[in-house]
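Report on the following structure.
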Amino acid sequence: MNADAVFIDSNIWLYALVESDDPMHKIAKEMIQRVEMTVVSSQVISEVCVNLLRTARQTEKFVQELIFSFYSKYEVVSLDEALLLKASELRGKYSLSYWDSMIVAAALDASCSVLYSEDMQSGQMIEQRMRIVNPLMLGS
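Add 8 to the 1-based position in the sequence shown for this note's numbering, that's all there is to it.
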(Lines of atoms letter the chains of each structure in order from A and count residues from 1; the text may use other names and numbers.)
(Lines give C-alpha, C1' and ligand atoms only; values in the text may rest on other atoms or scores of the structure.)
Protein backbone atom coordinates (compact mmCIF):
# COMPACT_ATOMS: atom_id res chain seq x y z
CA MET A 1 0.00 0.00 0.00
CA ASN A 2 1.22 3.47 -0.81
CA ALA A 3 0.24 5.49 2.26
CA ASP A 4 0.87 8.71 0.34
CA ALA A 5 -1.26 7.95 -2.73
CA VAL A 6 -4.68 9.61 -2.71
CA PHE A 7 -7.38 9.02 -5.31
CA ILE A 8 -9.59 12.05 -5.97
CA ASP A 9 -13.11 11.48 -7.32
CA SER A 10 -14.67 13.66 -10.01
CA ASN A 11 -17.02 15.52 -7.67
CA ILE A 12 -14.07 16.96 -5.74
CA TRP A 13 -12.36 18.01 -8.99
CA LEU A 14 -15.53 19.76 -10.15
CA TYR A 15 -15.81 21.74 -6.92
CA ALA A 16 -12.18 22.79 -7.35
CA LEU A 17 -12.32 23.63 -11.05
CA VAL A 18 -15.60 25.54 -11.28
CA GLU A 19 -15.07 29.07 -9.99
CA SER A 20 -17.71 29.85 -7.40
CA ASP A 21 -18.46 31.62 -4.12
CA ASP A 22 -19.45 28.23 -2.71
CA PRO A 23 -17.09 27.49 0.23
CA MET A 24 -16.70 23.97 -1.17
CA HIS A 25 -14.77 25.46 -4.12
CA LYS A 26 -12.05 26.82 -1.85
CA ILE A 27 -11.94 23.70 0.34
CA ALA A 28 -11.63 21.34 -2.66
CA LYS A 29 -9.05 23.51 -4.42
CA GLU A 30 -6.84 23.80 -1.32
CA MET A 31 -7.17 20.10 -0.52
CA ILE A 32 -6.07 19.08 -4.02
CA GLN A 33 -3.06 21.40 -3.78
CA ARG A 34 -2.01 19.76 -0.48
CA VAL A 35 -2.06 16.18 -1.81
CA GLU A 36 1.44 15.14 -2.82
CA MET A 37 0.67 11.96 -4.77
CA THR A 38 -2.63 12.29 -6.65
CA VAL A 39 -4.25 9.45 -8.56
CA VAL A 40 -7.23 9.67 -10.93
CA SER A 41 -8.72 7.30 -13.47
CA SER A 42 -9.62 7.80 -17.10
CA GLN A 43 -13.24 7.57 -15.89
CA VAL A 44 -12.74 10.54 -13.53
CA ILE A 45 -11.16 12.59 -16.31
CA SER A 46 -14.11 11.79 -18.59
CA GLU A 47 -16.69 12.67 -15.92
CA VAL A 48 -14.96 15.96 -15.13
CA CYS A 49 -14.70 16.92 -18.81
CA VAL A 50 -18.30 16.12 -19.71
CA ASN A 51 -19.57 18.09 -16.72
CA LEU A 52 -17.33 21.07 -17.49
CA LEU A 53 -18.59 21.11 -21.07
CA ARG A 54 -22.25 20.56 -20.20
CA THR A 55 -22.84 22.51 -16.99
CA ALA A 56 -19.91 24.89 -16.67
CA ARG A 57 -19.94 25.65 -20.40
CA GLN A 58 -16.18 25.38 -20.72
CA THR A 59 -14.57 25.35 -24.16
CA GLU A 60 -13.00 22.38 -25.91
CA LYS A 61 -9.66 24.18 -25.65
CA PHE A 62 -10.04 24.32 -21.85
CA VAL A 63 -10.96 20.62 -21.75
CA GLN A 64 -8.00 19.66 -23.95
CA GLU A 65 -5.62 21.58 -21.70
CA LEU A 66 -7.18 19.96 -18.64
CA ILE A 67 -6.75 16.46 -20.11
CA PHE A 68 -3.10 17.22 -20.85
CA SER A 69 -2.69 18.55 -17.31
CA PHE A 70 -4.19 15.42 -15.71
CA TYR A 71 -1.89 13.13 -17.65
CA SER A 72 1.23 15.24 -17.08
CA LYS A 73 0.75 15.93 -13.36
CA TYR A 74 -0.97 12.87 -11.91
CA GLU A 75 -0.98 9.09 -12.07
CA VAL A 76 -3.87 8.04 -14.33
CA VAL A 77 -5.35 4.55 -14.01
CA SER A 78 -6.95 3.23 -17.19
CA LEU A 79 -9.89 0.88 -16.99
CA ASP A 80 -9.26 -2.60 -18.33
CA GLU A 81 -10.80 -6.06 -18.06
CA ALA A 82 -9.25 -6.81 -14.66
CA LEU A 83 -10.47 -3.51 -13.19
CA LEU A 84 -13.98 -3.97 -14.55
CA LEU A 85 -14.14 -7.47 -13.04
CA LYS A 86 -12.78 -6.16 -9.71
CA ALA A 87 -15.44 -3.42 -9.82
CA SER A 88 -18.11 -6.09 -10.26
CA GLU A 89 -16.80 -7.95 -7.22
CA LEU A 90 -16.74 -4.72 -5.17
CA ARG A 91 -20.32 -3.84 -6.18
CA GLY A 92 -21.55 -7.08 -4.66
CA LYS A 93 -19.38 -6.89 -1.57
CA TYR A 94 -19.92 -3.20 -0.66
CA SER A 95 -23.23 -2.33 -2.37
CA LEU A 96 -21.57 0.33 -4.51
CA SER A 97 -23.10 1.86 -7.62
CA TYR A 98 -21.74 0.78 -10.98
CA TRP A 99 -19.72 3.99 -11.47
CA ASP A 100 -18.50 4.20 -7.86
CA SER A 101 -17.29 0.59 -7.98
CA MET A 102 -15.04 1.45 -10.94
CA ILE A 103 -13.62 4.41 -8.99
CA VAL A 104 -12.94 2.18 -5.97
CA ALA A 105 -11.37 -0.54 -8.14
CA ALA A 106 -9.07 2.00 -9.81
CA ALA A 107 -8.04 3.47 -6.44
CA LEU A 108 -7.26 0.02 -5.06
CA ASP A 109 -5.30 -0.85 -8.21
CA ALA A 110 -3.12 2.23 -7.63
CA SER A 111 -2.57 1.17 -3.99
CA CYS A 112 -4.18 4.33 -2.63
CA SER A 113 -4.76 4.48 1.11
CA VAL A 114 -7.42 7.19 0.79
CA LEU A 115 -10.20 7.88 -1.70
CA TYR A 116 -11.58 11.41 -1.51
CA SER A 117 -15.22 11.46 -2.61
CA GLU A 118 -18.36 13.35 -1.71
CA ASP A 119 -20.61 10.62 -3.12
CA MET A 120 -19.61 7.58 -1.10
CA GLN A 121 -19.85 6.67 2.58
CA SER A 122 -17.20 8.71 4.38
CA GLY A 123 -15.19 6.60 6.79
CA GLN A 124 -15.91 3.32 5.02
CA MET A 125 -12.91 1.00 4.85
CA ILE A 126 -12.51 -0.97 1.62
CA GLU A 127 -10.62 -4.27 1.56
CA GLN A 128 -8.99 -3.32 4.88
CA ARG A 129 -6.56 -1.06 3.05
CA MET A 130 -8.31 2.05 1.75
CA ARG A 131 -10.57 4.54 3.51
CA ILE A 132 -13.19 6.66 1.78
CA VAL A 133 -13.11 10.23 3.07
CA ASN A 134 -15.37 13.15 2.26
CA PRO A 135 -12.93 16.08 2.53
CA LEU A 136 -15.82 18.52 2.27
CA MET A 137 -17.36 17.43 5.58
CA LEU A 138 -16.19 19.23 8.68
CA GLY A 139 -14.01 16.98 10.77
CA SER A 140 -13.02 14.67 7.87
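The beta-carbon is built from N, C-alpha and C at its ideal position, and this holds for glycine as well.
| query | result |
| --- | --- |
| Span of the beta strand (DSSP E) around R139 | M138 to V141 |
| C-alpha distance - I40 paired with S18, whole-angstrom precision | 12 Å |
| Sub-8 Å separation of A13 and V47 beta-carbons | yes |
| Candidates R42, L144, L74 and N142, of which the one nearest L25 by Cα | L74 |
| Three-pair Cβ contact test at 8 Å for the region 127 to 140 versus the region 57 to 69 | no |
| Span of the beta strand (DSSP E), counted from its first residue to its last, around Y124 | C120 to Y124 |
| 8 Å CB neighbourhood of Q132 in its chain, flanking five on each side removed | Y102, R139 and I140 |
| Residues of its chain near F15, where Cβ-Cβ distance is below 6 Å and the 5 sequence neighbours each way are ignored | V47, A115, C120 and L123 |
| Alpha-carbon to alpha-carbon, M32 and E38 | 10 Å |
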